[in-house]
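The sequence shown begins at 7 in our numbering and counts up by one. In what follows, a structure is listed as structure tokens, so that the remarks can point back to it.
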Amino acid sequence: MPADSKISELILRLKEPSLFHRYITHEMIAPLLEKYQNTFHIESIGTSVEGRPIHGIKVGKGPQKVLMWSQMHGNESTTTKAIFDLLKGISDKALDTSLESCQLYIIPILNPDGAYLYTRHNANDIDLNRDAQELSQPESQVLRKVFDKFKPDFCFNLHGQRTIFSAGKVNKPATLSFLAPAQDKDRSLTENRKKAMAIIVTIHKELQNLIPDQIGIYNDDFNINCVGDSFQSQNVPTLLFEAGHFELDYEREIVRKYMLIAIVTALRTIGGSGNDLSDHSAYFQIPGNEKLFYDILIRDVKLEEDAQSVDIAIQYQEVLIDSKVEFIPKIEKIKPALKKFAHRTIFGNHNPISNAENKAIVEGNEIDFVVIN
Numbered sequence: 007m008p009a010d011s012k013i014s015e016l017i018l019r020l021k022e023p024s025l026f027h028r029y030i031t032h033e034m035i036a037p038l039l040e041k042y043q044n045t046f047h048i049e050s051i052g053t054s055v056e057g058r059p060i061h062g063i064k065v066g067k068g069p070q071k072v073l074m075w076s077q078m079h080g081n082e083s084t085t086t087k088a089i090f091d092l093l094k095g096i097s098d099k100a101l102d103t104s105l106e107s108c109q110l111y112i113i114p115i116l117n118p119d120g121a122y123l124y125t126r127h128n129a130n131d132i133d134l135n136r137d138a139q140e141l142s143q144p145e146s147q148v149l150r151k152v153f154d155k156f157k158p159d160f161c162f163n164l165h166g167q168r169t170i171f172s173a174g175k176v177n178k179p180a181t182l183s184f185l186a187p188a189q190d191k192d193r194s195l196t197e198n199r200k201k202a203m204a205i206i207v208t209i210h211k212e213l214q215n216l217i218p219d220q221i222g223i224y225n226d227d228f229n230i231n232c233v234g235d236s237f238q239s240q241n242v243p244t245l246l247f248e249a250g251h252f253e254l255d256y257e258r259e260i261v262r263k264y265m266l267i268a269i270v271t272a273l274r275t276i277g278g279s280g281n282d283l284s285d286h287s288a289y290f291q292i293p294g295n296e297k298l299f300y301d302i303l304i305r306d307v308k309l310e311e312d313a314q315s316v317d318i319a320i321q322y323q324e325v326l327i328d329s330k331v332e333f334i335p336k337i338e339k340i341k342p343a344l345k346k347f348a349h350r351t352i353f354g355n356h357n358p359i360s361n362a363e364n365k366a367i368v369e370g371n372e373i374d375f376v377v378i379n
């Protein structure tokens, strides 16, 4: 594989400029689907609860068949941007020949209603990632039909995660997270699960120089209602990809690059000749995700002149306003000496704090501007 610096340079060139920020809908990708009609095989594979189209994109004719889907949760759009960065790279012939051994089937937005509303659930308020067995929703049925018809050798379940996650118990955000889901309650190390683990090991190794110690592994408790666990139980190696947080990249424009590197590395590993998918042991050395981050921590301040010093933890709430995702700061917790980390820390040095808008500084309230003196 190329050196990290060369991969990074490649990713910078592959960015699809028409997709940016966090709000990505079917209406936004429609011009790209039209653009690629003569480059890839693009087909309508169903409709959502509210009648929005769901599309599938077939790429390549190689022997290794990879099914991937994005925005199963409508407000998790980073992987959709990375998918169209990938398609740009393939269309521009910028990616190496090892991808020619793969045949891809991509569903760029599985939950177009949730994407439009910027919600995790679909228009019926159902989490599609808990509907793998009942298949009660049209979007779930679309994915299952594609799985049964395409008969993939590998599956990529593409998601996004909140800013609260750390990569282990240290002051490092989980910029990307992965999982080789269990396929039974015993979490057995089956051959297909080992293959998924081995691919994740390769991704982790590739990204260490770019985001050192910023990759985590999700909990592998088994839930047959989750799509990844369900497909893994069908003996298809399945990988969960989660786009997380990097420094102050709340728009996930930097993270999309790392996600693309992860996807391309996985495809190279699958399609490259001589790649060993049996060595999975290093998977267990990747730290597990922990919920140890706030967005902002204001440390060591007094709510009243003679009061005990406290820490104020602030978490952004993502709110769709006029077709743009706004980040609204809300007070999550007020407590002395909070034992968590933050993406931004402000030290109050035992000084009083006040809200310039005369709002009470209490848990649950919005807080836009404070004065520490």
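Where is the CB? At the ideal position from N, CA and C, for every residue including glycine.
Judged by DSSP secondary structure, GLY222 falls within the beta strand (DSSP E) whose first and last residues are 221-223. For GLU332, the closest alpha carbon among the candidates ILE340, LYS339, GLN323 and GLU338 is that of GLN323. Here PRO335 carries a strand assignment [DSSP, helix/strand/coil]. Contact between LEU326 and TYR29 holds, since their C-beta atoms are separated by about 7 angstroms, short of 8 angstroms. Here DSSP, grouped into helix, strand and coil, assigns TYR322 to strand. Counting of Cβ neighbours within 10 angstroms places THR45 among the exposed residues, the total staying below 16. Taking the CA atoms as reference points, PRO158 sits about 26 angstroms from ARG126.
Nearest to ASP119 by C-alpha distance, out of LEU16, PHE247, PHE375 and THR31, is THR31. The criterion of a C-beta distance shorter than 7 angstroms is satisfied by HIS165 and GLU82.
In this chain, the beta strand (DSSP E) harbouring PHE160 covers 160-166. The alpha carbon of PRO179 has as its nearest neighbour, out of GLN189, LEU185, CYS232 and ARG168, the alpha carbon of ARG168.
Secondary structure note for LYS155: its alpha helix (DSSP H) is the uninterrupted segment 144-156. In this structure, DSSP gives GLY278 a state outside helix and strand, which the three-state scheme calls coil. With contact defined as three or more Cβ pairs closer than 8 angstroms, the region 52-67 and the region 96-110 are in contact. The three-state reading of DSSP puts MET34 in helix, counting H, G and I together. Boundaries of the alpha helix (DSSP H) harbouring LYS94: 84-97, taken from the DSSP string. For THR244, the enclosing beta strand (DSSP E) has its first and last residue at 244-249. Put simply, the backbone Cα of ILE132 is about 8 angstroms away from that of GLN143.
The continuous stretches of alpha helix (DSSP H) do not include ALA138, and DSSP gives it neither H nor E. Around the beta carbon of GLN77, 16 or more other beta carbons sit within 10 angstroms, so the residue counts as buried. Non-local beta-carbon contacts of ASN177 in its own chain, meaning distances under 7 angstroms to residues more than five positions away in sequence, involve PHE347 in chain order.
The Cβ neighbour count for ARG193, taken over all protein chains shown within 10 Å, is under 16; the residue is labelled exposed. Around LEU283, the same chain offers LYS201 and ALA204 as residues with beta carbons nearer than 6 angstroms, after the five sequence neighbours per side are excluded.
The shortest C-alpha to C-alpha distance from GLY57 to any of ASP328, LYS341 and ASN130 is the one to ASN130.
Note on geometry: alpha-carbon atoms of GLN147 and ASP301 lie some 37 angstroms from one another.
Taking 7 angstroms as the cut-off, the beta carbon of GLU372 is found closer than this to the beta carbon of ILE334. Straight-line spacing of the CA atoms in ASN198 and VAL242 works out to 6 angstroms. For GLY62, the enclosing beta strand (DSSP E) has its first and last residue at 59-65. Boundaries of the beta strand (DSSP E) harbouring MET74: 70-75, taken from the DSSP string. Cα atoms of LEU123 and GLY80: separation of roughly 8 angstroms, rounded to the nearest angstrom.
Shortest Cα-Cα distance from ASP374 to any of THR351, ILE337 and ASN231 involves ILE337. Taking 7 angstroms as the cut-off, the Cβ atoms of TRP75 and LEU25 do not count as close. Between the beta-carbon of VAL233 and that of ASN163 there is about 6 angstroms, and that keeps the pair under the 8 angstroms contact cut.
The beta carbon of ILE60 lies closer than 6 angstroms to those of ILE51, GLY52 and VAL148 in the same chain, with the five residues before and after it left out. The beta-bridge partner set that DSSP reports for ARG305 consists of PHE353.
For PRO179, the secondary structure class from DSSP, reduced to helix, strand or coil, is strand.
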